[in-house]
Each structure stands twice: as structure tokens, then as C-alpha cells.
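Single-structure report; data block below.
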Amino acid sequence: MLNRMEDAVDTQLRDQQAGFRNDRSCADQTATIRIIVEQSVEWNSSLYINFIDYEKAFDSVDRRTL
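Going by full-length UniProt numbering, 59 is the number at position 59 of the sequence shown; the sequence numbering is gapless.
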């Protein structure tokens, strides 16, 4: 049942979403950002990157149950 649920959810997520997904890593995300930055420099265009830390959004979750 869990596998079917994961497959159903996975089809709804964008390719750019990597958190908690199989075969996706932090290194993949870092490489993607690097490529975007390199293209921005090559095209001499402005680039704005925003990172949001959602750590406090999950304060109510019991980490032991995760």
C-alpha cells in the first residue's frame, strides 16, 4: 500500500522537488543551482535566488515518530 501511495504522490510532484524522494540527492540540487548560475553568467543576466528555511514549520511534529 505504501508503494502505491508513494507512486501516486510522486506523479504529482514537480521534477525539481527532491526532498524525501528516491534517487534524488542534495548533490543533484547543488549541481542544478550551479548550472543555473553558470548560465546566468554566460548570458550576462541577473539572477536572484531565495532559500527558505522551513525548520520552524515542523516544530509540532514529534521527530521520534518520523
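Ideal placement from N, C-alpha and C gives every residue a C-beta, glycine not left out.
Note that the coordinates shown come from a computational prediction; the quantities given were computed from them, not determined experimentally.
Item, Value
"Beta-carbon spacing of residue 86, residue 61 below 9 Å", "Given that the chain is displayed from residue 1 to residue 66, the structure contains no residue 86 and the question cannot be resolved."
"Limits of the alpha helix (DSSP H) - the one that residue 29 falls within", "26-42"
"Assumed close pair residue 10, residue 21 - CB separation to whole angstroms, cut-off 8 Å", "7 Å"
"Residue 1 at chain C interface by Cβ criterion, 9 Å", "Going by chain labels, chain C is absent from the structure shown, which holds only one protein chain."
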